[in-house]
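Read the structure below first, then the notes.
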Amino acid sequence: DLFVTLPHGFYFDVWWSVGTNDSNLSSDFADEIDYSFGWEGKISETLTLNVGVSYFDLVDLGKFSEDLIQLRASVSHEIEIGTHALSPFIQFEYIIPVNWDDVEGGIQINLGLKHSFELHENWSVQQQLQVIYDSGVAGLDSGFIAEYGAKLSWEITDNVTVNLLQFWAMRP
2 DLFVTLPHGF YFDVWWSVGT NDSNLSSDFA DEIDYSFGWE GKISETLTLN
52 VGVSYFDLVD LGKFSEDLIQ LRASVSHEIE IGTHALSPFI QFEYIIPVNW
102 DDVEGGIQIN LGLKHSFELH ENWSVQQQLQ VIYDSGVAGL DSGFIAEYGA
152 KLSWEITDNV TVNLLQFWAM RP
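According to this note's numbering, the sequence shown is numbered sequentially starting from 2.
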């Protein structure tokens, strides 16, 4: 995961996922590359707004078919406690299938809590726990999903961060 901060709150992110179920790239939905562009900034003294768009390049990688486009907006409130930061958030997503036969898009609403802390100078850990309502995006069943994620980040410069290790688990 390569995250680049641009001037005036804009950012660009490239995220690559490889499933642990086999050694073949581009074999199932655990293998994907996500391209994101967005803006994040303060909308009040205590609230942060993040809006963006992502293109999820799914199986088969690089063929730009049966992929997803995600439009999203989130609001969060950061609470700092020493070197720790807690951020409750709510995120709204509209997901659009690209070149899928008989599959419609839908919405996801995420409600969660982010926690981050500094390990040493430019090294930090972020974790997130959220509950997601999924309206049935890409032909899946609608319902609630619990998701936990954690990552180890290295801030190479003020504008470039590499998330070296990531773990995500979800349960319907």
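For every residue, glycine included, the Cβ atom is placed at its ideal position computed from N, Cα and C.
Pick out whichever of the options has its Cα sitting closest to the Cα of residue i.
i	options	result
Ser136	Ile110, Leu114, Val76	Ile110
Gly150	Lys43, Asn164, Gln127	Gln127
Gly140	His85, Gly107, Leu166, Gln129	Gly107
Gln129	Glu41, Ser77, Asp14	Ser77
Val138	Gly83, Ile97, Gly42	Ile97
Pro173	Leu114, Asp142, Leu112	Asp142
Asp35	Gly42, Val54, Glu41	Val54
Can you give the Cα-Cα distance for residue i and residue j, rounded to whole angstroms?
i	j	result
His9	Thr47	19 Å
Leu3	Thr162	6 Å
Val132	Ser117	18 Å
Ile146	Tyr134	6 Å
Glu105	Gly144	16 Å
Leu69	Asn160	27 Å
Glu122	Leu87	19 Å
Trp169	Lys152	9 Å
Less than 9 Å between the beta carbons of residue i and residue j, yes or no?
i	j	result
Glu156	Met171	no
Leu59	Glu33	yes
Asn100	Glu67	yes
Leu57	Phe38	The sequence given here places Phe at residue 57; Leu does not occur at that position. No; because the gap between Cβ atoms is not below 9 Å, this pair is not in contact.
Glu119	Thr84	yes
Checklist entry - Contact between the segment 65 to 74 and the segment 82 to 95: three or more CB pairs below 8 Å? => result Because the criterion of three Cβ pairs below 8 Å is met, the segment 65 to 74 and the segment 82 to 95 touch.
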